[in-house]
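Asker: If you read the sequences in order, they're chains A and B.
Each residue of the first sequence is one higher than the one before, starting from 164 at the first, in this note's numbering.
Each residue of the second sequence is one higher than the one before, starting from 167 at the first, in this note's numbering.
One structure is given below, represented as structure tokens, and several questions about it will come after.
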Amino acid sequence: MSTLEIKDLYAHVETKDGIKPILKGVNLTVNSGETHAIMGPNGSGKSTLAYTLAGHPKYIVDSGQVLLDGEDILKMTPDERAKAGIFLAMQYPVEVPGVSMTNFLRTAKTEVDGKAPAIRTWTKELTEAMKRLRMDPKFATRSVNEGFSGGEKKRAEVLQLELLKPKFAILDETDSGLDVDALRIVSEGVNRAKEANQFGILMVTHYTRILKYIKPDIVHVFAAGHFVKTGGPELADELEENGYDVYLPEDADPESALA
Amino acid sequence: MAQTQEINIPVADPNDSYANPAAMPSSADRAPRSFEVSAFARPDRTQEDWRYTPVERVEEFFDVFRPSNETDISVSMIDGSPLADGVTVDRVALGDAGTGIVSKPNDRVSAVEWNSGERATVLKLEGEIGQPVLVKVHGNGFAMDAFHLVVIAADHTHADVVVEHDGDARIAEGVEISTGKDSHISTTFIQEWNKGSKQIGNQRIHMGEGASLRHSVVTLGGDVVRIRMDQDFGGEQGDLNMLGIYFVDPGEHIEHRTMIVHNHPECRSRVVYKGALDGKDAHSTWVGNALIAPTAPGTDSYELNRNLVLTPGAIADSEPNLEIENGNIIGAGHASSVGRFDDEELFYLQSRGIPEVEARKLVVRGFFGELVEEIGIPSISEHLMNVIDKRLTRGESDAVAQVLEEK
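Laid out in structure tokens, this is it:
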């Protein structure tokens, strides 16, 4: 049983026009086995929250803590956070030319576990996981994400989630750009991984579509850099019905924030 | 009924070369070839061949000098054993029979090398040579020196030659390679000089009819290393494969120029050079020329250069040139790129638990991997990857840095 606590987190980015505060006092606690949906308008800072937790250098933390079982991960490099048990499934997974998926996955697994996986069981695990995600075996020999379609990239993210077995999975708009079938396959993958490893999930999304497949226990509304409302699954339906307008401050320009 | 068709070969108009482009003189016709230094102007950066070279850092190679003769040259089989049957080595005076056999110097520095050097190492290969021949060139200081190597492979010979350069040096090097009919030869030149070393190299290569040559160049160290390689074919069905790998550290200038001449029908050439650049003012240059003469129908040629810039502040110049004087060919392709190992790639790998140094290793190994395999000599491939890994580990710990300083 693990706990991820975000305490009064403030962060900014540096832009051409100067410092731009994005996260403005984020507070949240997630336990193993819980699924939290984080919903909110464009530009509210949802993705920034996801990347800040993973340690992207572009987002600079001003104050606050993020405690994973009591230890502040904000003091760690991105790879140390991954080893501690944080996994970020990215909205736009990055292409890494020249590095094969196989080599990448084995290296990541070795680093995260602190020891190389036994060849035979590893190969079997990889092959089966790919099969369940309906991934063509030839992906294993291709460069990381290179030439993958949007749907293939998302499947590859879920494949890593299944193999690396984190304590907390942050899914940043994993539903975007997926057709109905791909959405189902990807969601099933997430559910399977959660079933097996009982990790906590922070799921960032605009739409309720994915919530039909990955059932949230708790739904949050994120606006203007912090959580403004928290409720049960019924909150998602309400948002679908009424939109985010009521949560936006009067003078807000939702497209202006870099999220 | 078959009809005899008269072919008109275009004739150049001496007053206006553009009147008949197909008959224009090619660059090879214009370029001087001479054993005399005075045939060549002193290099400066207004000259096309020298525009990328920091000429002020290699001025000492522009005039005839007295060689120190302090460079150690040794020749053995790659496992250290004495020369196998079919391998002979002679030390002869430069200019004697058996030297100056492949074309003539083609620029100022190669003419200077020819006139400054005193002795040549002549390596003759004949038959099936089981393991690679290793020529070790070890520099013992920064006094100017010259080294001249002639490699002659007899008809039908199968052999591999590895030339390793290390130590401290300021060296002008001339290499002549002549391969016989239907021979299959590989030559691998490794430059792993200490800091502050300079090498100005010139290679002239002539391949026999039906011969194949795999020519690899690996440059991993030296303050300035500039190697020009000119090649042509001696008959039909030649197959040339030129591979290059370079890793450029801060402040270094590493330059490779491959000049391929297709002068016979149905020959094939491939040039693939890849380099990684790390740090401020790391500078690489690759210039690849391919000339396809009117006498070379059925030519199949391709040249490629890729550069991976690992950290900001490095400069990679990449220039493929094609001069095609024959329309009846299979292909004449080229590709060139300079790319950056960017922060997003690094973050992605890190976010999966892979530390920064390991991430760089993964990317650079991936970048060079295939090419390193192609060199085809396992001990070299392994050594290469280890050296590159070590470079990327630099700064990881003081102990490692210490070792590298001492290398």
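Heads up, the beta-carbon is just placed ideally off N, CA and C, and yes, glycines get one too.
Just so we're clear, the structure is a prediction, and the values are computed from it rather than from any experiment.
Buried or exposed: A/G310, going by 16 or more other Cβ atoms within 10 Å of its Cβ?
Answerer: exposed
Asker: Quick one: complete alpha helix (DSSP H) runs, 4+ long, within the stretch 286 to 364 of chain A?
Answerer: 313 to 327 and 343 to 360
Asker: Buried or exposed, going by whether 16 or more other CB atoms sit within 10 Å of the CB of A/E177?
Answerer: The residue in question, A/E177, is exposed, as its Cβ has fewer than 16 Cβ neighbours within 10 Å.
Asker: From B/D405 to A/K179, what distance separates their C-alpha atoms?
Answerer: 54 Å
Asker: Leaving out five residues before and five after A/V391 in sequence, what residues of the same chain have Cβ atoms less than 6 Å from its Cβ?
Answerer: V384 and Y410
Asker: Let's see if you can read the secondary structure: which residues bound the beta strand (DSSP E) around A/T166?
Answerer: For A/T166, the enclosing beta strand (DSSP E) has its first and last residue at T166 to T178.
Asker: For a minimum of 4 consecutive residues, which ranges assigned as the alpha helix (DSSP H) are wholly contained in the stretch 238 to 266 of chain A?
Answerer: 241 to 247
Asker: Give the single residue among B/F313, B/T287, B/G479 and B/V453 whose Cα lies nearest to the Cα of B/G445.
Answerer: B/G479
Asker: Out of A/K316, A/T284 and A/E291, which has the shortest C-alpha to C-alpha gap to A/P256?
Answerer: If we check each option's Cα against that of A/P256, A/K316 comes out closest.
Asker: Rank B/P209, B/Q213 and B/N235 by C-alpha distance to the C-alpha of B/R223 and give the top, closest one.
Answerer: B/P209
Asker: Whole angstroms are fine: how far does the CA of A/A271 sit from the CA of B/S517?
Answerer: 9 Å
Asker: So who's on the other strand from B/H549, going by DSSP bridges?
Answerer: Looking at the DSSP assignment, B/H549 forms no beta bridge with any residue, so it has no partner.
Asker: Beta-carbon separation of B/V341 and B/V278 under 8 Å?
Answerer: no
Asker: One question on the structure: do B/D495 and B/P463 come within less than 8 Å of each other, judged by their Cβ atoms?
Answerer: What sits at residue 495 of chain B in the sequence shown is Ile, not Asp. Yes. Within cutoff.
Asker: For the stretch 203 to 226 of chain A, which residues have a beta carbon sitting closer than 9 Å to at least one beta carbon of chain B?
Answerer: Y214, A217, G218, H219, P220 and K221
Asker: Going along chain B, which residues have a C-beta under 8 Å from A/L425?
Answerer: In the structure as shown, chain A begins at 164 and stops at 422. Residue 425 of chain A is therefore absent and cannot be evaluated.
Asker: Name the chain A residues whose beta carbon is nearer than 7 Å to that of B/D509?
Answerer: P220
Asker: With a CB to CB cut of under 6 Å and the five nearest residues on each side skipped, what residues in its chain are close to A/I182?
Answerer: H175
Asker: Taking C-beta pairs closer than 9 Å, name the residues in chain A that B/E524 reaches, listed in chain order.
Answerer: D242, T270 and E274
Asker: When we look at the beta-carbon of B/V453 and count the other beta-carbons within 10 Å, is it buried (16 or more) or exposed?
Answerer: With 16 or more Cβ atoms within 10 Å of its Cβ, B/V453 is classed as buried.
Asker: With respect to the alpha helix (DSSP H) encompassing B/K527, which residues constitute its N-terminal and C-terminal limits?
Answerer: E522 to E540
Asker: Are the Cβ atoms of A/D380 and A/E168 separated by less than 8 Å?
Answerer: no
Asker: Please say whether B/V390 and B/I356 have beta carbons closer to each other than 8 Å?
Answerer: The Cβ atoms of B/I356 and B/V390 lie no closer than 8 Å to each other.
Asker: Taking the alpha-carbon of B/G252 as reference, which of B/E284, B/D245, B/A197 and B/A320 has the nearest alpha-carbon?
Answerer: B/A320
Asker: Using C-beta distances below 6 Å, list every residue in its chain close to A/M298, excluding the 5 sequence neighbours before and after it, in chain order.
Answerer: R318
Asker: Can you give me the start and stop residues for the alpha helix (DSSP H) that A/K209 sits inside?
Answerer: K209 to A217
Asker: Interface residues of chain B around A/N266 at Cβ under 8 Å?
Answerer: L528 and G532
Asker: Please name the residue, chosen from B/V438, B/V414 and B/D466, that lies closest to B/R423 on a Cα-to-Cα basis.
Answerer: B/V438
Asker: What is the rounded straight-line gap between the Cα of B/G417 and the Cα of B/D447?
Answerer: 5 Å
Asker: Contact between the stretch 324 to 339 of chain A and the stretch 357 to 369 of chain A: three or more CB pairs below 8 Å?
Answerer: yes
Asker: What does a CB cutoff of less than 8 Å around B/A309 pick up in its chain, not counting 5 residues either side in sequence?
Answerer: S234, E236 and R336
Asker: Would you call B/I267 buried or exposed, if buried means 16 or more other Cβ atoms sit within 10 Å of its Cβ?
Answerer: exposed
Asker: Go through the stretch 227 to 304 of chain B residue by residue and report every complete run of the alpha helix (DSSP H) that reaches 4 residues or more, in order.
Answerer: Counting only runs of 4 or more residues that sit fully inside the stretch 227 to 304 of chain B, the alpha helix (DSSP H) segments are 274 to 282, in chain order.
Asker: Name the one or two DSSP bridge partners that A/N194 has.
Answerer: A/T166
Asker: Could you compute how far the alpha carbon of A/E397 sits from the alpha carbon of A/E258?
Answerer: Cα atoms of A/E397 and A/E258: separation of roughly 38 Å, rounded to the nearest angstrom.
Asker: Using a cut-off of 8 Å between C-beta atoms, extract the partners of B/P521 located in chain A.
Answerer: T240, D242 and E274
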